[in-house]
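Encoded as structure tokens, the structure appears first; notes follow it.
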Amino acid sequence: MSLVAASQKHMRMRKRKDAIFKVLCFFAAGLGVLLLVLFLYKIVTDGLVRLSWTFIVSNLSSRPQRTGIWPAIIGSTYVMTLTGIIAVPMGVGAAVYLQEFNTRKNRLTEFIQLNIANLAGVPSIVYGMLGLAVFVRWMALKESIISGALTMSLLILPMVIIITQEALKAVPRGYRDGSLALGSTTWQAIRYQVLPAAAPGILTGIILSISRAIGETAPLIVVGAAAYVSSLPHGVGDRYTVLPIKIFDWAGEAKRGFNEDAATAILVLMVALLVLNSIAIYLRSRSRSKA
Amino acid sequence: MKKISINSASAAAILIASSFAFVGCSGGDNKGEATPAPGATTPAAGTTAKVSGKLTIDGSTTVYPIAQQMGEDFKTDNPDSDITVNKSGTGSGFQKFVRGEIDIATASRSIQPKEDADLKAKGIDYIEIPIAYDGVSVVVNPKNDWATSLTTDELKKAWSSTSTVKLWSDIRPTFPKEKITFYGPTDNHGTYEYFTEAINKKKNDLRADCQKNQEYNAIVQSVNGDKDGIAYVGFNYYDQNKDKVKVVPVDAGKGAVAPSAATIADGTYTPLSRPLFIYVSKKAYDTKPQVKAFVEFALGEKGNKAVTDSSYVLLPKDLHDLILKHVSDEKTGTLFATVAPGTKLADLYSKVK
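Quick note, the sequences are listed as chains F and D, same order. Each residue of the first sequence is one higher than the one before, counting from 3 in the working numbering. Each residue of the second sequence is one higher than the one before, counting from 128 in the working numbering.
What follows is the structure in structure tokens.
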């Protein structure tokens with residue numbers, strides 16, 4: 003009798019613990035969503051006031067009501083395109099080497115692997131300082147688009163390598179073996195079997211890396227992205243500004259109207275990020291349905 | 128020696144040519160550009176020969192709004208020019224100026240003897256031009272009803288690195304026994320250097336527990352949310368946030384004075400009213416027509432408008448005329464490097480022959 007009562011009591015306590023834990027988890031999940039919704043609400047209500055086609059295609063201005071964002075959009079496009087051109091071949095190449103050609107573990111590859119993993123966790127401002135010392139000053143590329151793009155390439159390179167490696171790892175062993183058994187070289191097996199199979203995963207990684215870089219501010223401030231440029235850049239050697247720099251700049255302005263401009267610029271940046279991320283999701287789902 | 132004489136001869140030629148062009152279009156009133164008279168002379172700057180080419184400006188965050196508007200309006204008048212304005216901070220701006228990376232450095236304090244020496248070592252001559260006044264404003268929370276004025280001695284007692292002030296009542300016994308919190312800009316701001324020198328009588332001497340922030344808006348927000356907070360910011364940040372913070376009039380021995388356009392311009396808001404500067408590379412001034420044109424533009428009517436639009440204070444007319452003469456005589460070097468805060472600027476110029 004007493005034994006049953008005790009076990010029932012025990013059961014109730016366990017159930018209660020269960021319920022408490024569930025509520026805690028719900029709050030943990032809910033808090034994140036709540037903060038995001040609040041943030042989005044604030045940004046949208048502040049930003050929609052100024053959002054218009056004119057805002058997007060107008061030049062920068064010191065008058066909050068007249069300013070646009072076009073030079074920053076062009077600057078961001080320049081920097082990100084160049085970053086992609088530099089970082090993608092290097093990153094994918096490094097990953098293919100580490101994953102496909104150098105499959106036997108040795109000290110060197112382990113050392114490289116360890117470094118890449120650590121580099122991915124280095125704060126972005128450190129890349130900015132590296133970029134300032136190496137590209138801006140030592141290589142004398144000045145405070146130009148190419149300095150910014152090279153710095154951003156360094157920043158996303160570890161990410162591109164790691165994600166590409168993961169994508170390559172997911173390709174079944176049989177693809178390589180089958181190809182090799184039919185007499186192909188290692189290069190042919192990689193080129194015609196492994197890379198196409200891993201392509202959606204690699205592309206997703208590239209897009210996610212670049213969408214991270216689009217929002218980066220700190221390293222570009224250090225390598226000299228300007229707060230105000232009167233003209234659009236004409237080449238990779240020109241001075242530039244980018245979207246997150248303008249957001250940062252406007253948020254710190256004394257004139258009140260700039261706060262709305264900052265919110266609107268955040269909206270523009272968020273839409274760009276959403277588009278990029280949706281492409282990544284689409285690519286991933288396509289690769290899943292194929293497999 | 129010969130090279131120098133050729134340079135100055137060609138500079139003189141440009142000067143003569145441009146002044147002719149000017150006389151031609153503004154009907155003989157060759158002071159038109161300098162006078163901040165309303166309307167009338169606006170077309171003068173627009174119809175002088177248009178210039179093209181790149182111009183890079185970097186330096187003070189405080190001067191940035193002025194420089195940006197000047198750059199923007201200069202671009203409107205000269206569509207083929209290409210202006211970049213950045214705000215790395217006064218100190219960083221001078222570093223880039225020393226490296227020869229920029230044409231014009233903006234500064235919220237005068238150049239330091241060390242920076243002047245670095246430029247000399249690199250053979251970079253520069254023209255020093257005060258373009259506006261700012262009044263560093265001491266602000267508190269709107270709910271603070273006790274700090275209706277502070278003397279400079281009380282400010283020093285509170286802000287210096289040797290300060291023992293922990294409660295408001297430590298500053299003045301009649302103040303409440305509330306813990307006081309200090310806010311201010313980070314060390315790379317000229318405002319920081321100016322405030323510490325003007326109040327604590329020693330550059331960069333400040334109590335260690337002051338919460339420093341790179342962004343003035345964040346400082347304003349902090350004081351807005353802290354009943355016992357106190358901070359110092361540039362006049363424009365107070366001017367744009369009068370609903371969020373309350374200004375404390377400063378008493379330097381002649382009665383408490385609150386910062387305003389009038390008290391900053393006539394020097395009664397002392398010792399915290401200060402000139403803002405642009406430093407122009409003499410080489411760029413001589414060799415790049417757009418730099419020379421920009422300096423003329425900055426000292427002209429639209430330049431003045433950029434100053435007032437950004438909530439800064441215009442230099443008085445007599446001082447402005449002295450500066451114009453100083454620039455048109457192409458005098459290089461600094462008058463301000465070793466000058467104590469609160470000195471009357473016109474006196475400095477009158478000493479130059």
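Even glycine gets a Cβ: it sits at the ideal position worked out from N, Cα and C. Predicted model only: the values in this text are computed from it and were never measured.
What are the boundary residues of the alpha helix (DSSP H) that includes residue i?
i        : result
D/Gln367 : Taken as a continuous stretch (DSSP letters only), D/Gln367 belongs to no alpha helix (DSSP H), as it is neither H nor E.
F/Arg214 : Leu197 to Ile216
F/Arg178 : Arg175 to Ala183
D/Lys452 : Lys444 to Ser455
F/Leu245 : Leu245 to Ala253
D/Tyr481 : Residue 481 of chain D falls outside the range modelled here, since chain D spans only 128 to 480, and no answer is possible.
D/Pro240 : Pro240 to Ala248
D/Ala464 : That residue, D/Ala464, is in no alpha helix (DSSP H); it is neither H nor E in DSSP.
F/Ala229 : Where F/Ala229 is concerned, there is no enclosing alpha helix (DSSP H), given that its DSSP letter is neither H nor E.
D/Lys181 : Here D/Lys181 belongs to no alpha helix (DSSP H); instead the beta strand (DSSP E) covers Gly180 to Gly186.
D/Arg219 : In the sequence as presented, Arg is not what sits at residue 219 of chain D; that position holds Ser. Thr217 to Val225 is the extent of the alpha helix (DSSP H) around D/Ser219.
F/Thr56  : Trp55 to Val59
D/Thr390 : Ala388 to Ala392
Who are the Cβ neighbours of residue i in its own chain at under 7 Å, not counting the five residues just before and after it?
i        : result
D/Pro303 : Trp273, Trp295 and Ser296
F/Val173 : Val196, Ala199 and Ala200
D/Ala464 : Ser237, Ile238, Gln239, Pro240 and Asp243
D/Pro163 : Bear in mind that the predicted position of D/Pro163 carries a pLDDT of just 41, short of 50, making it unreliable; the figure below should be weighed with that in mind. For D/Pro163, where only same-chain residues beyond five positions count, the Cβ hits under 7 Å are Glu428, Asn431 and Leu441.
D/Gly155 : Any answer about D/Gly155 is weak, because its pLDDT of 35 lies below 50 and its placement is not dependable; what the coordinates show is given next. Closer than 7 Å at Cβ, skipping near neighbours: no residue.
D/Val360 : Ser264, Val266, Tyr343, Ile346 and Val347
F/Tyr129 : Thr153, Leu156, Leu157 and Pro221
F/Ala282 : Thr206, Ile209 and Leu210
D/Lys306 : Lys293, Leu294 and Asp355
F/Thr266 : Gly49, Arg52, Leu53 and Phe57
D/Glu281 : Ile298 and Arg299
D/Pro443 : Ala392
F/Asn279 : Ser213
D/Thr459 : Asp252, Tyr253, Ile254 and Lys409
F/Ile192 : Val98 and Glu102
F/Ala215 : Met82, Thr85, Met154, Leu157 and Ile158
Under DSSP, the beta strand (DSSP E) around residue i begins and ends at which residues?
i        : result
F/Ala191 : Premise fails: F/Ala191 lies in the alpha helix (DSSP H), Thr188 to Ala191, not in any beta strand (DSSP E).
F/Leu222 : That residue, F/Leu222, is in no beta strand (DSSP E); its alpha helix (DSSP H) goes Ala220 to Val224.
D/Thr233 : Ile231 to Ala234
D/Ser208 : Ser208 to Val212
Closer than 8 Å by C-beta to residue i: which residues in its own chain qualify, once you throw out the five before and the five after it? Chain order, please.
i        : result
F/Glu168 : Gly203 and Gly207
D/Tyr396 : Gly262, Val377, Val384, Ala385, Pro386, Ser387 and Thr390
D/Cys337 : Trp286, Phe309, Tyr310 and Gly311
D/Gln367 : Ser438
F/Leu269 : Ile45, Val46, Gly49, Leu50 and Leu53
D/Lys328 : Lys283
Leaving out the 5 sequence neighbours to the left and right, which residues in its chain are closer than 6 Å to residue i when beta-carbon positions are compared?
i        : result
D/Gly186 : Thr217, Gly220, Ala232, Thr233 and Ala234
D/Tyr319 : Pro312
D/Asp230 : Leu182, Thr183, Ser408, Ala411 and Val418
D/Phe362 : Asp261, Gly262, Ser264 and Pro386
D/Ser145 : Confidence at D/Ser145 is low in this model, with a pLDDT of 40, below 50, so the placement of that residue should be treated as unreliable; the coordinate-derived value is given next. Answer for D/Ser145: no residue qualifies.
F/Leu143 : Phe137 and Ser149
D/Ser137 : Low confidence applies to D/Ser137: its pLDDT is 43, below 50, so where it sits in the model is not reliable, and the reading given next is rough at best. Closer than 6 Å at the Cβ level, and outside the excluded window around D/Ser137, lies no residue.
D/Val374 : Ser264, Val266, Tyr365 and Ala385
D/Asp207 : Ser179
D/Tyr191 : Lys214
F/Leu234 : Pro73 and Ile76
Is it the case that the CB of residue i approaches a heavy atom of the ligand NAP more closely than 7 Å?
i        : result
D/Thr308 : The ligand NAP is not part of this structure, which contains no ligands at all.
Query raised in the report: Which runs of the beta strand (DSSP E) spanning at least 3 residues fall entirely within the segment 307-368 of chain D, listed in chain order?
Result: Segments of the beta strand (DSSP E) lying fully in the segment 307-368 of chain D: 308-312, 338-340 and 356-360.
Query - Stretch pair the segment 226-234 of chain F + the segment 46-55 of chain F: three plus CB contacts closer than 8 Å - result: No: the two stretches stay apart, fewer than three of their Cβ pairs being nearer than 8 Å.
Query raised in the report: What are the complete alpha helix (DSSP H) segments, minimum 4 residues, inside the segment 404-437 of chain D?
Result: Those alpha helix (DSSP H) runs which fall completely within the segment 404-437 of chain D and span 4+ residues are 409-414, 416-426 and 428-436.
Query raised in the report: According to a CB-to-CB cut-off of less than 9 Å, which residues of the segment 222-234 of chain F neighbour chain D?
Result: Within the segment 222-234 of chain F, the residues whose Cβ lies closer than 9 Å to some Cβ of chain D are Ile223, Gly226, Ala227, Ala228, Ala229, Tyr230, Val231, Ser232 and Ser233, listed in chain order.
Requested in this report: With 7 Å as the limit, tell me which residues of the segment 346-375 of chain D have their beta carbon closer than that to any beta carbon of chain F; keep them in chain order.
Outcome: Considering only beta carbons, the part of the segment 346-375 of chain D lying closer than 7 Å to chain F consists of Asn363, Tyr364 and Gln367, in chain order.
Report task. Output, in sequence order along the chain, the residues in the segment 208-239 of chain D whose CB is closer than 9 Å to any CB in chain F. Result -> Flagged, chain order: Ser208, Asp209, Ile210, Thr211, Val212, Asn213, Lys214, Ser215, Lys223, Arg226 and Glu228.
Report task. At 4 residues or longer, and completely inside the segment 65-150 of chain F: list those alpha helix (DSSP H) runs for me, N to C. Result -> DSSP runs (the alpha helix (DSSP H)) wholly in the segment 65-150 of chain F: 72-98, 109-121 and 126-133.
**Report entry** Near-chain F residues of the segment 432-464 of chain D - C-beta to any C-beta below 9 Å
**Finding:** Residues passing the 9 Å Cβ filter: Ala433, Asp436, Ser437 and Ser438.
Query raised in the report: Of all the residues that make up the segment 37-56 of chain F, which are near chain D by a beta-carbon distance shorter than 9 Å?
Result: Going along the segment 37-56 of chain F in chain order, one finds no residue with a Cβ nearer than 9 Å to chain D.
Query raised in the report: Mind pulling the beta strand (DSSP E) runs of 3 or more residues that sit fully within the segment 245-301 of chain D?
Result: 253-262 and 264-267, all fully within the segment 245-301 of chain D.
Query raised in the report: Are at least three pairs of beta-carbons, each pair with one atom in the segment 233-249 of chain F and one in the segment 73-85 of chain F, less than 8 Å apart?
Result: Yes, the segment 233-249 of chain F is in contact with the segment 73-85 of chain F.
**Report entry** Proximal residues, the segment 247-274 of chain F versus chain D, C-beta separation under 8 Å
**Finding:** Listed by position, the residues of the segment 247-274 of chain F near chain D (Cβ gap below 8 Å) are Asp251, Ala253, Gly254, Glu255, Ala256, Lys257 and Arg258.
Query raised in the report: Between the segment 62-77 of chain F and chain D, which residues of the former have CB atoms less than 7 Å from a CB of the latter, in chain order?
Result: Hits within the stretch, in order: Ser63 and Ser64.
Report task. Would you list, in chain order, the members of the segment 299-310 of chain D that have their beta-carbon closer than 9 Å to a beta-carbon of chain F? Result -> Taking 9 Å as the Cβ-Cβ cut-off against chain F, none of the residues of the segment 299-310 of chain D qualify.
Query raised in the report: Between the segment 192-206 of chain D and chain F, which residues of the former have a C-beta closer than 7 Å to a C-beta of the latter?
Result: From the segment 192-206 of chain D, only Pro192, Gln195, Gln196, Gly198, Glu199 and Lys202 have a Cβ closer than 7 Å to chain F.
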